[in-house]
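Visitor:
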Amino acid sequence: MSAEDLTGAEITIRCLQEEGVKHIFGYPGGAVLFIYDELFKQDKVKHILVRHEQAAIHAADGYARSSKKPGVALVTSGPGVTNAITGIATAYMDSIPMVIISGQVPTHAIGLDAFQEVDTVGITRPCVKHNFLVKDITELAATIKKAFYICSTGRPGPVLVDIPKDISAEKFKFSYPASVSMRSYDPINKDHPEQLKKAIRLIMGSKRPMVYTGGGVILGNATSQLTRFVQMLDFPCTNTLMGLGGYPATDKQFVGMLGMHGTYEANMAMQNCDVLIAVGARFDDRVIGNPKHFSNKDRKIIHIDIDPSSISKRVSVDVPIIGGVSNVLDGLIKLLMASKEKPKQEALKSWWAQIDQWRARDCLKYDRKSTIIKPQMVIEKLYEVTKGEAFITSDVGQHQMWAAQFYKFDKPKRWINSGGLGTMGFGLPSAMGVQIANPKNVVACVTGEASIQMCIQELSTCKQYNLPLKIINLNNRYMGMVRQWQEFFHGNRYAESYVDALPDFVKLAESYGHVGIKIENPNDIEDALKEAFKLKDKLVFMDFITDQTENVFPMIPGGKGLSEMILI
Amino acid sequence: MENEAGALSRVAGLFSARGYNIMSLTVAPTEDPTLSRMTLVTVGSDSVVEQITKQLNKLIDVVKVLDLSDGDHIECELMLVKVSALGKNRKEIKATTDIFCGRIVDTTDTSYIIELTGTCSKLDAFIDAMGHSTILETVRTGASGIGRGERALEVK
Ligand SMILES: Cc1ncc(C[n+]2csc(CCOP(=O)(O)OP(=O)(O)O)c2C)c(N)n1
């Protein structure tokens, strides 16, 4: 042991510093006390103390989704880890780069049912990209390096490093590896010139083309390439719930979101196109509905994705192109520029005419004259008041779908929601992470009175760190999305989907030291929003009392096909 | 795959989480002690097997995946069978064992333990030939497989 030897806890913090980590979200406990001690002694890595470990992970998640850096979280063993699981699974389903450091009981106590022991590596295995249990101090730094490398390369995802307490106390010399090479993990992009040429041939021969893009475009920072590609071709483009902001929503070639609550025009174009270009999307059940109904021999599919296992998983594909979406799109753009050919213009014209007819169906219409607040109107006004510039997080339910339908995202990484796992409780803590990653920007959380109560304790964290979030609570006194399914598919039997004994949200916000406003009249929506957004350094909780009977349209019932939409 | 603690459970967990079948699974370190080699027998349509291969490749601890049934390969499994061996049956059992090129590796007054290697179907055939009433206990290792000829699962 020499004077330069560092404890495992010091090494952990030094690794974070080397990675350029500025913020870490966490909650202390016995197994991580040495690590907290080291956090205390330095000021390069700022720790954000949440009020529940689930929120630490969601905050780190929001941080990652709204920046180009992985999120980092720190939790203690046992209950610290089990509380974190929902957050980890949420990040995993949406492929969010994140490193979670968890404390573990000392190595000699592992397996003996020690106090606050849980098999962390076992319990997290199905919901992480990878995880490690560090049993040897000599491997600590290299393991953390690997964790950062794995989480942010290839198809990203959360990686957990479990550090037993004795390892965090033991000493070893610190050296941070400059690079990682792993024989079993090689996410390097390869070129596929032949596949690109095949794709171009299909594109040129298409009569009813469609570009369908997902979260991969956002994660792969490929929005400018996508926009260029789509505009060069004058093709229609749709985004999934996870892909919103991948293509500018205000552009005329954008046909809206597709899927279960997608627009009529997007779903119809998806169903009826003859060449489909899928970019960083995975044909999941909420997007194409029943794959049997979707499949069509006459439709050719080009699928660009970084993850080979996403290809031909639910839908068989004609031209698979495995690679980072920005790389592949760059390759396609190059070929398009070099090509003298153009897609069939006459056919494209009549395809657009057809799409415009579908558009004229005005599938997102709602009663604008209602004397009860319509939730859609709140989102429209929110869009206007924030000039479309806000970061919007959401929880899960009807409000999430209205936010996705009515807030037009022109930029990537502005729409932050739990698309894959559908985690209620995600909205508020993820907004904290977004605000910390983007301190100068406006951040709003669109939520429902049921969802917000799943992580409401974080109002305290917001106070402590002066996070001036704007919370838009669409309060319909129902688990609206559940109620909607019960109305449509369960004979109006609203089993346990009401939300009773609600708190007075205004007083609740005030008791945490925030501003609360209750809005009951449609005429007050805009002024209230303006007033709230003027309070730049305050968290404002806006409790909008909305129409209890409003439903999200269009809707594709579960198991049905894209063209079997219920329309208003 | 990497000879790491937990690597096996990642594979087993993948199969149960995604609803794939494991017919048999064998795993042990190779001549390179940092690597383990696993032979896993599964059933599924082409597309399911394709997904299994892709999903296995995604596991960080998995270095390389090869579908042996894509080409010529050798497959071998070891079985130990304890049979009740009484009176004139003893001779008959010995004869059947010889036909299958098995070996009797332990005897008592009333039983034999027979060791047999070969393909899964050969072992199945032996069990049928013995008859279920004779068999007291069987234990099988599951198949190990290796590609024929030049075809080798190499790790650079
Ligand atoms: C943690 C969790 N539990 C249950 C669900 C199932 N679920 C989906 S939407 C929803 C209702 C949400 O109600 P609310 O937050 O009030 O939003 P609304 O649909 O009314 O806009 C429920 C219970 C879920 N998505 N997440």
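Going down the list, the sequences are from chains S and G. Numbered according to the numbering used here, the first sequence spans residues 1 to 568. Numbered according to the numbering used here, the second sequence spans residues 569 to 724. Here a beta-carbon is modelled for each residue, glycine too, at the ideal position from N, C-alpha and C.
(1) Taking the alpha carbon of K507 (chain S) as the reference point, which residue from S:K518, S:M260, S:K46 has its own alpha carbon closest?
(2) Residue range of the beta strand (DSSP E) that N239 (chain S) falls in?
(3) Can you list the beta strand (DSSP E) stretches of 3 or more residues lying completely in the segment 48 to 109 of chain S, in chain order?
(4) Using the Cα positions of H514 (chain S) and E346 (chain S), report the straight-line distance between them to the nearest angstrom.
(5) Taking Cβ positions only, does G574 (chain G) come closer than 8 Å to chain C?
(6) Please report whether the beta-carbon of K297 (chain S) lies at a distance below 8 Å from any beta-carbon of chain G.
(7) Here's the rule I'm using: 16 or more other beta-carbon atoms within 10 Å means buried, otherwise exposed. How should P156 (chain S) be labelled?
(8) For the pair the segment 118 to 125 of chain S and the segment 75 to 82 of chain S, tell me if three or more CB-CB distances fall below 8 Å.
(9) Starting from the beta carbon of S370 (chain S), find every residue of chain G whose beta carbon is closer than 9 Å, and list them in chain order.
(10) Please go through the same chain and pick out, in chain order, the residues whose beta-carbon is closer than 8 Å to the beta-carbon of E572 (chain G), but skip the five residues on each side of it.
(11) Tell me which residues share the same chain as P557 (chain S) and place their Cβ nearer than 8 Å to its Cβ, disregarding the 5 neighbours each side in the sequence.
(12) For E618 (chain G), I'd like the list of residues in its chain whose CB is within less than 6 Å of its CB, leaving aside the five on either flank, ordered along the chain.
(13) Determine the DSSP secondary structure at E718 (chain G), reduced to helix, strand or coil.
(14) Does ligand 1 have even one heavy atom less than 7 Å from the beta-carbon of E384 (chain S)?
(15) Could one say the Cβ of A720 (chain G) lies closer than 8 Å to chain S's Cβ atoms, at least one of them?
(16) Quick check: is any heavy atom of ligand 1 less than 7 Å from the C-beta of Q457 (chain S)?
(17) Starting from E643 (chain G), follow the beta strand (DSSP E) in both directions and report where the run begins and ends.
(18) Near R359 (chain S), which residues of its chain fall below 6 Å by C-beta distance, leaving aside the five closest residues on each side in sequence?
(19) Over the uninterrupted beta strand (DSSP E) stretch that includes P164 (chain S), give me the two end residues.
(20) Where does the unbroken alpha helix (DSSP H) through D356 (chain S) begin, and where does it stop?
(21) Smallest Cα separation from L654 (chain G): which of G:L691, G:F583, G:S679, G:E570?
(22) Using only CA atoms, which one of G:D677, G:I667, G:V595 lies nearest to L691 (chain G)?
(23) For M1 (chain S), which three-state DSSP category applies?
(24) I believe T447 (chain S) touches I472 (chain S) by the beta-carbon criterion, under 8 Å. Please report the beta-carbon distance rounded to the nearest angstrom.
(25) Less than 6 Å between C-beta atoms, sequence neighbours within five positions excluded: which residues of the same chain meet that for P429 (chain S)?
(26) Can you give me the start and stop residues for the beta strand (DSSP E) that D635 (chain G) sits inside?
(27) Name, in chain order, the residues that DSSP records as bridge partners for F132 (chain S).
(28) List the endpoints of the continuous beta strand (DSSP E) containing C445 (chain S).
(29) For P320 (chain S), write down the residues that DSSP places opposite it in a beta bridge.
(30) When burial is assigned at 16 or more other CB atoms within 10 Å of the CB, is P554 (chain S) buried or exposed?
(31) Report yes if the C-beta distance between S168 (chain S) and A9 (chain S) is below 8 Å; otherwise report no.
(32) For D692 (chain G), does the three-state DSSP call read helix, strand or coil?
(33) Do you know offhand how far G581 (chain G)'s Cα is from I306 (chain S)'s?
(34) Just to confirm, does N476 (chain S) get its C-beta within under 7 Å of one of the non-hydrogen atoms of ligand 1?
(35) So the alpha helix (DSSP H) I379 (chain S) belongs to, where does it begin and stop?
(36) Is the beta carbon of T76 (chain S) sitting closer than 8 Å to the one on A31 (chain S)?
Guide: So, from the data block:
(1) Of S:K518, S:M260, S:K46, the residue nearest in Cα terms is S:K518.
(2) First-last of the beta strand (DSSP E) with N239 (chain S): 237 to 239.
(3) Taking only runs of at least 3 residues, the beta strand (DSSP E) segments lying wholly in the segment 48 to 109 of chain S are 71 to 75, 98 to 104.
(4) Their backbone Cα atoms lie some 58 Å apart in a straight line.
(5) Of the chains in the structure shown, none is chain C; the protein chains are S and G.
(6) No - not a single Cβ of chain G is within 8 Å of the one on K297 (chain S).
(7) P156 (chain S) is buried by the Cβ-count criterion.
(8) Result yes; three or more Cβ-Cβ pairs closer than 8 Å.
(9) Those do not exist, as S370 (chain S) stays about 46 Å from chain G at its closest Cβ, beyond 9 Å.
(10) When the five nearest sequence neighbours on each side are left out, the beta carbons in the same chain lying within less than 8 Å of the beta carbon of E572 (chain G) are those of D629, in order along the chain.
(11) Setting aside the 5 residues that flank it on each side, P557 (chain S) is surrounded in the same chain by F488, F489, E564, I566, each with a C-beta closer than 8 Å to its C-beta; the list follows chain order.
(12) Once the five neighbours on either side are set aside, E618 (chain G) has no close Cβ partner at all.
(13) In the structure shown, E718 (chain G) sits in coil (DSSP, three-state: anything other than H, G, I, E or B).
(14) No.
(15) Taking Cβ atoms only, chain S never reaches closer than 8 Å to A720 (chain G), which makes this a no.
(16) Using a cutoff of 7 Å, the CB of Q457 (chain S) does not count as near ligand 1, since none of the ligand's heavy atoms is closer than that.
(17) That run of the beta strand (DSSP E) goes 641 to 652.
(18) Contacts found: E265.
(19) Run containing P164 (chain S): 158 to 164, per the beta strand (DSSP E) assignment.
(20) Segment 345 to 359, the alpha helix (DSSP H) holding D356 (chain S).
(21) Looking from the CA of L654 (chain G), the closest CA among G:L691, G:F583, G:S679, G:E570 belongs to G:S679.
(22) Comparing Cα positions, the closest option is G:I667.
(23) Below a pLDDT of 50, predicted positions are generally treated as unreliable, and M1 (chain S), at 47, falls in that range; the measurement from the model is reported next regardless. Three-state DSSP puts M1 (chain S) in coil, outside helix and strand.
(24) Indeed they touch by this definition, with Cβ atoms about 7 Å apart.
(25) Here the set comprises A55, H58, A59, C455, E458.
(26) Looking at the DSSP string, D635 (chain G) is not in any beta strand (DSSP E), and its letter there is neither H nor E.
(27) In DSSP, F132 (chain S) forms a bridge with S:V161.
(28) It spans 443 to 448 - the beta strand (DSSP E) in which C445 (chain S) sits, taken as one unbroken run.
(29) The bridge partners DSSP lists for P320 (chain S) are S:H303.
(30) Burial state of P554 (chain S) is buried, judged by a 10 Å Cβ sphere holding 16 or more other Cβ atoms.
(31) The answer is yes: Cβ separation under 8 Å.
(32) In the three-state reduction of the DSSP assignment, D692 (chain G) falls in the helix class, which pools H, G and I.
(33) Looking at the two C-alpha atoms, the distance is approximately 23 Å.
(34) For N476 (chain S), the distance from the CB to the nearest heavy atom of ligand 1 is below 7 Å.
(35) Where I379 (chain S) is concerned, the enclosing alpha helix (DSSP H) stretches over 375 to 385.
(36) Result yes, Cβ atoms of T76 (chain S) and A31 (chain S) sit closer than 8 Å.
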